[in-house]
């Protein structure tokens, strides 16, 4: 991180990105009954990702690593702001408590659809790593612990993790407003669903929703932040005790359907 | 991680956020300063709590908790703190984070190419499944408890 702080070049580039992105500002487009909201953070992410050696050649490999080392700390100010959003809205959040807690089980919908799809696409044990959760940091750590990150399960979870890092934020922003426009789901419920354990995905989703529903923006942001905290608390245990056993079972079941035989028994890390 | 290094990064990001808050939301730097200093204080308090309290509770958990307590209606001075922090648009805090994240993404693009299209299809399914699954449950519970 020390290298990152001293790397003046990346700070200057980030400052330029911030000014340019904020100058472009928030733009919403009416599409049918809904609204597509583009936020400055999306421009910053996209322009930033084009700075690499492949495109604009403004940053080198080391600059990219330095910038990455700072992301964790840069999130703190935003989290502090979220705390100050939750505080004044705490009475409303407690009232929504049951919905907030029960929606966490929606994460299991992922594997019910994801495992059969992955097996159908021809993935083997990669399917379990890829589809058991949204693959944020705690899930990657868990798969690494149980199966090892160099095996097929590890490749699966790393693949989805990287997809999440590269286009997850943009995807969540667009999905939130599309769902709000076309599905009969209230913005409050969508804000609660935004907390999947990734601060940037939650922010993209809640940010787009609050641009679309400015009257209840504060409450939406508070619900998203509360839901994200909850996912951070229970996500790991939910994966360990529910999602992984269910994934293993569903994998065996769908494997038999596709290939006509049972899959080979898997070997846990350290059992050999 | 040293506290001094953390504070250095926080100060850099605070300056960028103040500039973004001015350009994008027309909140003057001077009028946003008390709110930003309050947010910085929350971060430092969170980092200190992590180091002092046993149990290895993450920084962000402390930061959110303390921020939540001091702005809870009825806490002494909560109205003033909320008014100050209201000048700092939460969206202006997100832009520098994603600019740093964007710069670092370049190194992940090659790895993404290697993992292949199947994983990308599964990832899209995973994102949609989690989101819509959770939203439907939340919607059901909210309407069952008459909160819509």
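Chains as they are written, first to last, in my numbering: chain A, 25 to 296; chain B, 65 to 212. Just so it is clear, CB atoms sit at the ideal spot from N, CA and C, and this is done for glycine as well.
By the neighbour-count definition (other C-beta atoms within 10 Å, threshold 16), residue 51 of chain A is an exposed residue. Shown here, residue 51 of chain A sits in a strand according to DSSP, grouped into three states.
9 Å or more divides the Cβ of residue 186 of chain B from the Cβ of residue 277 of chain A. As DSSP reads the structure, residue 61 of chain A sits in a beta bridge with A:52. Cα atoms of residue 137 of chain A and residue 117 of chain B: separation of roughly 42 Å, rounded to the nearest angstrom. For residue 127 of chain A, there is no enclosing alpha helix (DSSP H), as DSSP marks it with neither H nor E.
Of all alpha-carbon atoms in A:61, A:153, A:214, the one lying nearest the alpha-carbon of residue 236 of chain A is that of A:61. Under a criterion of Cβ atoms nearer than 8 Å, no residue of chain B is adjacent to residue 281 of chain A; the nearest Cβ is some 18 Å distant. Counting only residues of its own chain and dropping the five nearest sequence neighbours on each side, residue 150 of chain B has a CB closer than 8 Å to the CB of 99. Using beta-carbon distances, residue 105 of chain A counts as an interface residue toward chain B, with a partner under 9 Å. Within chain B, no residue has its beta carbon less than 9 Å from that of residue 176 of chain A; the closest one is some 11 Å off. Put simply, the region 114-133 of chain B does not touch the region 70-78 of chain A. Fewer than three CB pairs are less than 8 Å apart. For residue 196 of chain A, the neighbours in chain B by C-beta distance under 8 Å run, in chain order, 191, 195.
Within the model, the alpha-carbon separation for residue 265 of chain A versus residue 258 of chain A is close to 11 Å.
Here residue 261 of chain A is exposed: its Cβ has fewer than 16 other Cβ atoms, across all protein chains shown, within 10 Å. Sixteen is the threshold: since fewer than 16 other Cβ atoms of the shown chains lie within 10 Å of the Cβ of residue 288 of chain A, the residue is exposed. Residues of chain A with a Cβ closer than 7 Å to the Cβ of residue 203 of chain B are, in chain order, 209, 210, 213. Residue contact with chain B for residue 172 of chain A: absent (no Cβ-Cβ distance below 9 Å to any residue of chain B). With respect to residue 271 of chain A, residue 135 of chain A sits close: the two C-beta atoms are nearer than 9 Å.
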